[in-house]
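Residue numbers (the numbering used here), protein chains in the order written: chain F, 1 to 325; chain R, 1001 to 1301; chain G, 2001 to 2549; chain D, 3001 to 3343.
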Amino acid sequence: MLGLKQIGGRLAQLIFVLWAVATILFLIFRLMPGNPLAAYIDPTFTEEQQLILMAKFGLDRPLWEQYFIYLWNLLQGELGDSFFYRQPVFDRVLELLPNTLILTFSSLIVAYAFGIIAGAWLAWRRGGLAERVAIPIVLTTRALPEFWLGMLLLAIFSFSLGWFPAGGTRSPGEEYSSLFALYSSTDFLAHLVLPAATLAIYSQGLPLLLMRSNMLDVMGEDFVTMARIKGLSSWTVVVRHAARNALLPVVTSFAIAVGYQIQGNVVVETVFSWPGLGRELVNAVSASDYPLAQGAFLMIAIVVVLMNLLADLLYSLLDPRISHA
Amino acid sequence: MHESLDTQIESRSLIKQFFDSLHLPTGDPFAVAGLIIYAAFVAVALSADVIATHDPTEILYTPAYELAADRSPGQEGYILGTTSLGRDIFSQLVYGSRSALLIGLTAAVMVALIGTLVGLLAGYFGGLIDTILMRLADVAFGIPFLPFVIVLAAFLEPSIWNVVLAMALVLWRDTGRVIRAQVLTLRTRAYVEAARVSGSSDLKIVFTHIAPNVLPLSFLYGTIAIGWAILTEASISFLGFGDPETISWGYMLQDAYASQALSQRAYYWFVPPGLCIILVVVAGFFISRGYEEILFPKLKD
Amino acid sequence: MTRILKTIAAAALATLVAAPALAEGDKIREISILTRPQAAQPSEFQFVNIIAQEWRKLGLDVKIQVMPWEQMADLVWYNRDKWDVTGWQMVGRPERSDPDELIYNLYHSSTAPKGYNFLGYNNPDYDKVVEAQRVETDANKRQTLLKQAQAMLAEDQPALMLVHPKSTFAFDKTVWNASTVVDQGGIGIKNTWTFIEMEPLGDKKDIVLNSADNIQGINPLWISGGTDSWITELIWDRLLRIGPDGLPKPWAAESFEWVDATTIKLKLRDGMKWHDGKPVTAEDVKFSFEAPAGEEAPMYKPFVGNIASIEADGNSVTFKLKKPAAAFTTGSLSKINIIPKHIWEPILTDLGVKDDNAESHQEKMPIGSGPYKFTSWTTNEEVVLAANDGHWARPKADRWILRIVSNTEAALGMLRSGEVNFLSDFSGDPKILLNAAKEDGDLEVVSTIDMGFRYVAFNNRRPPFDSAGFRRALSAAINRDLIVGAAFKGFAVKSNSVISPALPFWHNAEVVDMKTGADLAKSILKESGFELVGGKLHYPDGVKESLAE
Amino acid sequence: MSELQDNNILLSVRDLKVAYRVGSKDVMAVDGASFDVPAGAIVGVVGESGCGKSTLVRALTRVLARSARIAGGEAFFEGTELFGLSEPDMNKLRWRDIAFIPQSAMNSLDPVYTVEAQLHEVLMQRGGMNRKEARQRSAELFEMVGIEPQRLRDYPHQFSGGMRQRVAIALALTLEPKLIIADEPVTALDVIVQRQILDQLKELQQRLGISVILVTHDISVVAYTCDKMVVMYAGRVTESGDTATVLTAPFHPYTMGLYNAFPDLAAAGGVLTPIQGAPPSLISPPPGCRFAERCPFCQAACRTVVPALIEVSEGHNTACHRVAEAADLRVKAAATETWEANA
C-alpha cells in the first residue's frame, strides 16, 4: 500500500490546488467589471438599503479582508447566499450535485463498459476491416458537439418516435420518498436514457481508443506470448492477461473522465432540462448570481480535483508494482 | 537584390526546415485525409468573400420588402435557404470557416506554445522552476474547463477570443506535462550532454538541441487543441455566451436552436454547421493519430 | 474618472465653441444600440438589427452592442448617462390593467433619476397631466387626461414604440375543454382564471405546464421571477383580483365600496380557511397590508405607501389613504397577497433583528388560503400544487404541475407528446407553434394582444437624442408593419402608445397610425437642422459633438 | 560423451523454414534448419543475435509473431509431426510436453499477478489440479529451484533478476515436460548468477531426465552446459554435433570465430577477438555461403555456391566449402591477426 507519507503529500497537494482554484475564483469574481450586486438590487431599493446589502455581503470592506473572510467561510462550508434565490448556496449546490453525479457516472459506466470491450475486441482484430471502419467512426464521435448530438437524439427518439421523455428526471407530479427511490425507478431510467446516451456516445471514444492502444502494446509483451506458449485458453490470454494489464491506465482515466464529463454536463443538462449543477452554473452566470456561480464552480472543481486524486490512488492500488513497492 | 534573394532562399529553407521538423504524417491515409480537409477549409476561409453569395449578417428582403426568412434550400436562389431572421445560411456556413480556423489555429498555437515552453523549462531546468510550473499545472488540472470559459465569457465582453484566452490559461497543462516528460528523457541523451560539456548555454541547448525534438509532440497537441477550441466555441455559443458579432458555426447552431430549426424540420440549417465542426475536428484527430503512429509506433510485430 | 473629466471638459469646450455659432455642426458620433443576445430575445435582436440597418440609411453610424440582460440592465438602469439607445420591453401584468403604472412611472420626471423613467424624459406639461389623472376618480375625465398624455408622448417620441406583441400559448384540447379556457385581456390564456376554471375532459386532471426559468422563490412578500408570480397568485388569495376584462373583481373581499375619495371599505368572504385549517380573519388582512410597510418586504413597500391606516372590524376592513388614488384597487388591493398572521408575525419579528429581510425566508411549506395548496417543489425541476378542496372557487383541475424546461424546442416536443398539456412559456416562433398544432390536431393555440410592449428607448439626456426632432425622425424611419412581420412574424400589433389596445377604454387609437418612411425621416431631420455632409449625418450648425466616441 | 543413440531422439527438426512478412516480401529468418534433440540431453543453439535461433525455437511452440509463419519443414516430437497438428492438439502438447524459459523473466511474468497465481493458473487450467494440489505443487517447485515457498505470494517485480529466472524455471517445470526450450535464459544476468542458474538447470535436467534446448549467443555457455550444439548463422545451421567434438575440432570458420569472441565461462581470461562486420541482410541474402562476407578464409566458390551440410564425423555436421582444410584453418583462426586482416 501507499505509505502515509505519499498520502500526506497527495492530500497537501489537493489542498493546495483547491486553495489556488478558490483564490482564482475570488479574483475573477471580485476584479471583473460590473457591480457584483446588480442582480440583487432592485431599482426600488433606496441607497440606504443598498448600503445595508453591501455590508451584508461584506462588499464594503477592503479586498484583502474580503479575501480572508471568503477563505474562512469556505473552510466552514459557507458559500454565502444566492442573490437570485436568496437562499444559502451550499444547500442548493448540494441538492443538485447528486443529479449531476448520477448522470455523469451512469453515462461513464456505460461508456467505459462499451469502450473497454470494443477497444479490446478491436485490438484483438487488429488490421481487419472492423478496425478500418471503427476507428474513424469513434474519432467522429469525439468530434461531435454534445448539444448538437443531444438535440438530434431528442428530435429522433423523443419528438419523432416518442420513445423517451424530452426532459427532466421524472414524470410530472411523480413523488419519490428519497433520492434512492427516485434513482431506482423505471420512470427515472426512462428520463436518464437520452442525456446519458448523449454523454456516453461522446465519452466512449476515450476508453475505447485507450484500451485498444494499450491492448496492442500489451499483446506485444512477453508475458502474453508466454501465456500462449503455456497453452492457456484464448480467453485467459486475452482477458486475464492482456486486457487486465491494458485496463490499468483505462481505469485511471475513468476518474479523470469524470472530471471532464462533469464539465460536459453543462451543455447536456441544458438540452435535457436536467436539474444539475452544470445548468445551475449557466443560470447563475447569466443572472450575475456571483455567490451561486462561485459555489457551483467550486463544487465542480472539488469533484474534479477529488477525481484526479482518486485516479492517482486507483492506479497505485491496481498496479502491484506501485502498491507492493 | 542579391541579398534579398539570399534571405528569401534562407527563409524558404527555414520554412522547409520547419515543415521537415514537423514530420507531417503523410504516410497515413487518414492523416492525409485530415490534411486535405484542413487545406479545403483553409481555402474556403481565405476565399470566403468570393464563395459566399451574401453578406452573412445582412437581413434579406424580398422585392416586396418582406423578410426573406425560412426559405428552404434552393428557394429564391438561396443555396441552403435562409434563417428565421432572414440571413443566408450558405454564406454563414462559408464565413463560419473563418472563425473556426481563426479560433482553432490561435488556440492551437497558444496551447502548443505555452505548453511546450512550460514543458521545456520545467523538464530541462528541473528544481524550483519545475516544482513551480508543475504545481501550476496541477492547479490548471483542478479548473473545470468549460465552466471556466463560461465565467470568463460572462465577465469579459462576449468574444470568440474568450475561448482562446481560456484555453491559453488552462489547456497548456496536458501539453506541458507530456513535453516535460519527453524533455526529461532527452536531456540525458549523449548529444545534449556533449553540448553541455562543450559549454553551450542552457538556453541554446534548450532551443537548438531539445526543442526541435519535441516539436512534433507540440504539433500533435496543437492539432488536438484545434478541435477543442472549435467545440468549446460551439458549446459556449450554444449556452448564449458566444460572440454575437462573429458568424461562427457555433453561432449558427445556436441561432438554429433558438429558432427551433428542428421543429421546423429545417435540418438543412441545423445539420451543416454541425457537420462542418465534425469534419474540421475529426481532421485534427486524424492528423494527430498520424503523428502518434510516428511518435509512438505500435508494435506491429 | 479621467473619462468623466474628459467628457466634462469636452462639454465645456463645446459650449464655449458653440457660443459664436454659425460654424458647421460636428459629425454625429457612432451611435450604440443595445440589445440582448438572439438566444434570449430573438425578436429584440432582430428588430434592433433592422432598425440599425434603416438608420444607417439616414447617414448615421450605428453600432449594435449585444449583452446579456444583467449587463444591459446594469448599464441602462444604474449608468443612466452612459448609453444611447436600447431595446427594451414592458411586460403585461394584471395590475398593469390600470394605465397609471405605465403612463406615470415610465415618463414622469420624478422617476428619472432613479425610477422607471430611465430614459430621462422630462416634460413639465406631461408631468402635470399624469399627476392629474392619478387622483381623478371620475373615469371619463381620467380617460380624457390619459388620451392627452398619450398624444404628448406621440409628439415627443421619447422612445420609439414598436409593437404590442401577442402572447401566444397553447394547450391540449383533448385534455381540456377549450370553452372553459379564459382569455384575459392583455394577458392571454395563461392566467389564474384559466387555472381555476379550465375543465378536464377525461381522466387527465392535472394541468402540466412549462417554464424556461427556474423558480426563484415561493414567497408572498417577495416579487421574484415572473414565473414565480403564477404560483403566488394561486397559493395566496388577494382581496380583489383583476378579472378577464381587466377590471378589479371582488375575490377574498365579497364586496367593496369607496366611502369617500380616500376611504375604501371591504367585506370579507365568510368561511375562508388557511391551508393549515385556521380561519382567515380581518386581522390577517390588516397584517398583510401592514407587513410590507416596514423594511422586511422592500419590493411590496411601494404598493402600500399610500395607506394611512387600516381598520379591521369583524369581517370588514377599511383602508384610509393619504391621498386619492385612482389605481388603488388595481395596484394595491389586487396586488398584495393575504398572508396568515399566525405564521408570518413570528417570522417577521425574528427577521427584524437580522440583516436578512422576508425575501430570503423560504417557507418549507408555504401556507396561503388560495385555490391551490402547495404540495412540493423540486429544485430546478418542478413545482406541484394541489386543488384546495375547501376553497369557494375550487379549481376544476386536481393538480397544477409546473415543469422547468430549459430547452424551448423540448417544450414544444413535450406538448405534442403529452408530457406537458399547457404550453405556458414559449419563446419561439409562434408560427412553428401554429404549424405544430395543425399537424398534431390535438392542440389549440391562442394569441392575445399583450398589455406590454416592445420599444427602443432613446437616452433623452444625451445629444443628439435630446432633440425631439431627431427622435421623431429616427422613429419615422421605421416602418412598424415591417417590424411586426420581420421581427414578430405577424404575432404583434404595431404600437405608438404605452397603453395597449388591450385596454380599449384608456387606449388612444388616434396616435397609432403614424406616417413612416426614409424620405419622411430625412425631411424631419432637415427641418430640425441636422444635415447630411458627405453621406454622414451632422449636428445642426454650431453644435459640437460633446461625447467622445 | 555421445553414448546417446538415434532411437533415443526426442525431437527431430528437418529442413525448417520460417518466413517473416516484410512489406510484400517474405524474409526467411530460418532457412532450412535441421537438427536432433536426443532424450535427456541439453542441446545448445548458438549464434549471433538476429541469426534466427530464437525464431527457430519459437517455431517449435508454433507461437510466432503475427507476421511470421512456418514456411516449410517438419518437426517430429516423439514421432508426432508438430506442424501438422491441429491448433487444439498443439495446445494440448504445449507446456505439458514442451515448456519454455524466456530470456527475460521480468517481462514474461505478468506484473499484476502474484507468482503463485501464475503457477496456479498453469497447474489448474493445464494440469487439472484443484487449488489445494496446486498450492502444494507450487511450494514443491519453489523448493526445487531453491526459493523459500513463502515468497510465492510476492509479485514478480519483488524478486531479483536471478530469482525471477528461477521462478521461470519453476514455471517451466510445472507440468513435468519432456522438453524445455530455454531462450537465452541467463543473458541478462551477471556472470556469477549465470553460473548458478545454469548449474541449477543442469542439475534439474539430469535429476528429472528431461531434454533442454538452450538458445544462447554465448558459446561459453554452450561449452559449460550443453551435450550437443547447433551453430546457426543468418538463418542456417552451419555446424552441429557433440559439444566437445565441435568445440575441440570445429570445422566451420564461424564456429572458430565465435569461440574466439567469448570468454570461457569456467575459466576467465584470455584475449577476445570479435568477428568483424555484421550478419547479412536476410531481405536479400548473399547467394553463396552466408558467412562468406566476413569469413577470413573466403574463396570465390564461397560467394556463389551454397555449401551443403555434410557429416564430417559421427553426428558432426558442417556446411563449409573448405572442410578439408579445417585443421589448417583452425590454426590460422587462433591468431587474432587473421580476423583483423579481414576487417
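In this text, a Cβ means the ideal position worked out from N, Cα and C, and glycines have one as well. Note that the structure is predicted; figures quoted are calculated from it, not measured.
Exercise. Is the shortest distance between the beta-carbon of G/Ala2021 and the beta-carbons of chain F less than 8 Å?
Worked result: Here residue 2021 of chain G refers to the residue found at position 21 when the third sequence is read from its first residue. Unreliable placement is indicated for G/Ala2021, whose pLDDT of 46 sits below 50; no coordinate value is reported for it.
For this session: Using the DSSP secondary-structure output, state which residues sit across from G/Gly2246 in a beta bridge.
Result: The residue given as residue 2246 of chain G occupies position 246 in the third sequence. Under DSSP, G/Gly2246 forms no beta bridge with any residue.
Problem set entry | Completely contained alpha helix (DSSP H) runs for the segment 1168-1233 of chain R, where each covers 4 or more residues | Considered as a whole, the segment 1168-1233 of chain R harbours 1172-1186, 1190-1197 as its complete alpha helix (DSSP H) runs of no fewer than 4 residues, in chain order.
For this session: Could you have a look at D/Thr3080 and say whether DSSP puts it in helix, strand or coil?
Result: Mapped onto the fourth sequence, residue 3080 of chain D falls at position 80. Three-state result, D/Thr3080: strand.
Exercise. Does the beta-carbon of F/Asn245 have 16 or more other beta-carbons within 10 angstroms, so that it is buried, or is it exposed?
Worked result: In the first sequence, residue 245 of chain F corresponds to position 245, counting from 1. With 16 or more other Cβ atoms within 10 Å, it is buried.
Problem set entry | Cβ neighbours of D/Ser3054 in the same chain (closer than 7 Å, five flanking residues each side left out) | Start at 1 with the first residue of the fourth sequence, and residue 3054 of chain D comes out as number 54. Sequence-distant partners of D/Ser3054 (beyond 5 residues in either direction) whose C-beta falls short of 7 Å from its own C-beta, in its chain, are Asp3183, Val3215.
For this session: Would you please verify whether the beta carbon of D/His3316 is less than 8 Å from any beta carbon of chain F?
Result: Numbered from 1 along the fourth sequence, position 316 holds the residue referred to as residue 3316 of chain D. Not flagged as an interface residue toward chain F: D/His3316, since no C-beta distance is shorter than 8 Å.
Problem set entry | Contacting positions in the segment 3119-3150 of chain D - beta carbon closer than 8 Å to chain F | Cβ contacts with chain F come from Glu3121, Val3122, Gln3125, Arg3126.
Exercise. Under the rule that 16 or more other beta-carbon atoms within 10 Å means buried, what is D/Leu3064, buried or exposed?
Worked result: Within the fourth sequence, numbered from 1, the residue matching residue 3064 of chain D stands at position 64. For D/Leu3064, the number of other beta carbons within 10 angstroms of its own is at least 16, and it is reported as buried.
Exercise. Is it true that the CB of G/Ile2524 sits closer than 8 Å to the CB of G/Gly2469?
Worked result: Locating residue 2469 of chain G in the third sequence gives position 469, counting from the first residue. Locating residue 2524 of chain G in the third sequence gives position 524, counting from the first residue. Less than 8 Å divides the Cβ of G/Gly2469 from the Cβ of G/Ile2524.
Exercise. What is the rounded straight-line gap between the Cα of R/Gln1008 and the Cα of R/Arg1289?
Worked result: Locating residue 1008 of chain R in the second sequence gives position 8, where the first residue counts as 1. Locating residue 1289 of chain R in the second sequence gives position 289, where the first residue counts as 1. Note on R/Gln1008: pLDDT 47, under 50, position unreliable in the model; the coordinate value appears next. Using only the alpha carbons, I get a separation of about 34 Å.
Problem set entry | Assumed close pair D/Ile2973, D/Pro3038 - CB separation to whole angstroms, cut-off 8 Å | Only positions 3001 to 3343 of chain D appear in this structure, which leaves residue 2973 of chain D out of reach.
Problem set entry | Listed by chain order, chain R residues near F/Met307 by CB distance under 7 Å | Here residue 307 of chain F is taken as the residue at index 307 of the first sequence, counted from 1. Chain R residues near F/Met307: none, gap ~10 Å exceeds 7 Å.
For this session: Kindly say whether D/Thr3089, judged by its beta-carbon, lies nearer than 8 Å to any beta-carbon of chain F.
Result: What you label residue 3089 of chain D is simply residue 89 of the fourth sequence in a count that begins at 1. First, the amino acid is wrong: residue 3089 of chain D is Asp here, not Thr. Judged by the 8 Å Cβ criterion, D/Asp3089 is not in contact with chain F.
Problem set entry | Test: G/Glu2419 CB closer than 8 Å to a CB of chain R | Here residue 2419 of chain G corresponds to residue number 419 of the third sequence, with the count starting at 1. For G/Glu2419, the closest Cβ of chain R is not nearer than 8 Å.
Problem set entry | Contact with chain G by F/Glu280, beta-carbon distance below 8 Å | What you label residue 280 of chain F is simply residue 280 of the first sequence in a count that begins at 1. With its beta carbon less than 8 Å from one in chain G, F/Glu280 belongs to the interface.
Exercise. Across which residues does DSSP place D/Glu3239 in a beta bridge pair?
Worked result: The residue you call residue 3239 of chain D lines up with position 239 of the fourth sequence. Bridge pairing for D/Glu3239: D/Val3231, D/Thr3318 [DSSP].
Exercise. What does F/Val271 touch in chain G if you count any residue whose Cβ is under 7 Å from its own?
Worked result: Counting from one through the first sequence, the residue named residue 271 of chain F turns up at place 271. Listed along the chain, the chain G residues whose CB falls inside 7 Å of the CB of F/Val271 are Asn2407.
Exercise. Do the CB positions of D/Met3256 and D/Arg3330 come within less than 8 Å of each other?
Worked result: Residue 3256 of chain D sits at position 256 when you count from the first residue of the fourth sequence. Residue 3330 of chain D sits at position 330 when you count from the first residue of the fourth sequence. Yes, Cβ-Cβ distance for D/Met3256 and D/Arg3330 is below 8 Å.
Exercise. So which of G/Gly2418, G/Asn2122, G/Arg2134 has the shortest CA-CA distance to G/Lys2323?
Worked result: Within the third sequence, the letter at position 323 stands for residue 2323 of chain G. The shortest C-alpha to C-alpha distance from G/Lys2323 to any of G/Gly2418, G/Asn2122, G/Arg2134 is the one to G/Arg2134.
For this session: Indicate the three-state DSSP secondary structure (helix, strand or coil) for F/Gln6 in the structure shown.
Result: Position 6 of the first sequence, counting from 1, holds the residue named residue 6 of chain F. Three-state result, F/Gln6: helix.
Problem set entry | Contacts of D/Ser3108 in chain C (Cβ-Cβ under 7 Å) | Among the chains of the structure shown, chain C does not appear; the protein chains present are F, R, G and D.
Exercise. So which residues on chain R does G/Asn2049 lean against when the C-beta distance must stay under 9 Å?
Worked result: As a working mapping, residue 2049 of chain G is identified with position 49 in the third sequence. Those are Thr1057, Ile1059, Leu1085, listed as they occur along chain R.
For this session: Under 7 Å between beta-carbons, which chain F residues line up against R/Ile1278? List them in chain order, please.
Result: Here residue 1278 of chain R refers to the residue found at position 278 when the second sequence is read from its first residue. What R/Ile1278 touches in chain F: Thr140, Ala143, Leu144.
Exercise. Closer than 7 Å: is that where the CB of D/Val3237 sits relative to any heavy atom of the ligand GDP?
Worked result: In the structure shown, the ligand GDP is absent, as is every other ligand, since no ligand is present at all.
Problem set entry | the segment 2503-2514 of chain G contacting the segment 2049-2061 of chain G, beta-carbon criterion three pairs below 8 Å | Look at the beta carbons and you see the segment 2503-2514 of chain G not touching the segment 2049-2061 of chain G: under three pairs across the two are nearer than 8 Å.
Exercise. In this structure, does DSSP put G/Arg2029 in helix, strand or coil?
Worked result: To locate residue 2029 of chain G, count along the third sequence from 1; it is residue 29. Three-state result, G/Arg2029: coil.
For this session: Within the same chain, show all residues whose beta-carbon is closer than 6 Å to that of G/Arg2461, passing over the 5 residues directly before and after it, in chain order.
Result: By 1-based counting over the third sequence, the position of residue 2461 of chain G is 461. If you ignore the 5 residues before and after G/Arg2461, its C-beta comes within less than 6 Å of the C-beta of Asp2081, Gly2120, all in its own chain and listed in chain order.
Exercise. For F/Leu53, which of G/Arg2403, G/Gly2452, G/Pro2298 has the nearest alpha-carbon?
Worked result: In the first sequence, residue 53 of chain F corresponds to position 53, counting from 1. Ranked by Cα distance from F/Leu53, the first of G/Arg2403, G/Gly2452, G/Pro2298 is G/Pro2298.
Problem set entry | Inter-residue CB distance, G/Arg2471 and G/Pro2158 (contact presumed, cutoff 8 Å) | Reading the third sequence from its first residue, position 471 is the one you call residue 2471 of chain G. Reading the third sequence from its first residue, position 158 is the one you call residue 2158 of chain G. Sure, about 7 Å apart at Cβ, within 8 Å.
Exercise. If we call anything under 8 Å between Cβ atoms a contact, is F/Asn283 one with F/Pro249?
Worked result: Counting from one through the first sequence, the residue named residue 283 of chain F turns up at place 283. Counting from one through the first sequence, the residue named residue 249 of chain F turns up at place 249. In this structure, F/Pro249 does not lie closer than 8 Å to F/Asn283 by Cβ.
Exercise. Under the three-state reduction of DSSP, which class applies to G/Ala2021: helix, strand or coil?
Worked result: Here residue 2021 of chain G corresponds to residue number 21 of the third sequence, with the count starting at 1. The pLDDT assigned to G/Ala2021 is 46, lower than 50, so where the model puts this residue is not dependable; a value taken from the coordinates is nonetheless given after this. Looking at G/Ala2021 - three-state DSSP - the assignment turns out to be coil, as it is neither helix nor strand.
Exercise. Excluding sequence positions up to five away, which residues of its chain have a Cβ less than 6 Å from the Cβ of G/Val2208?
Worked result: Within the third sequence, numbered from 1, the residue matching residue 2208 of chain G stands at position 208. Sequence-distant partners of G/Val2208 (beyond 5 residues in either direction) whose C-beta falls short of 6 Å from its own C-beta, in its chain, are Ile2401, Val2420, Asn2421.
Exercise. If we ignore side chains and look at the alpha-carbon of each, how far apart do F/Ser273 and R/Ala1266 end up?
Worked result: Counting from 1 along the first sequence, the entry for residue 273 of chain F is found at position 273. Counting from 1 along the second sequence, the entry for residue 1266 of chain R is found at position 266. Approximately 22 Å between the Cα atoms of the pair.
Exercise. Taking any Cβ of chain G, which residues in the segment 92-120 of chain F have a Cβ under 8 Å from it, in chain order?
Worked result: Answer in chain order: Arg92, Glu95, Leu96.
Exercise. Who pairs with G/Val2383 in a beta bridge, going by DSSP?
Worked result: Mapped onto the third sequence, residue 2383 of chain G falls at position 383. In the DSSP assignment, G/Val2383 forms a beta bridge with G/Trp2377, G/Leu2402.
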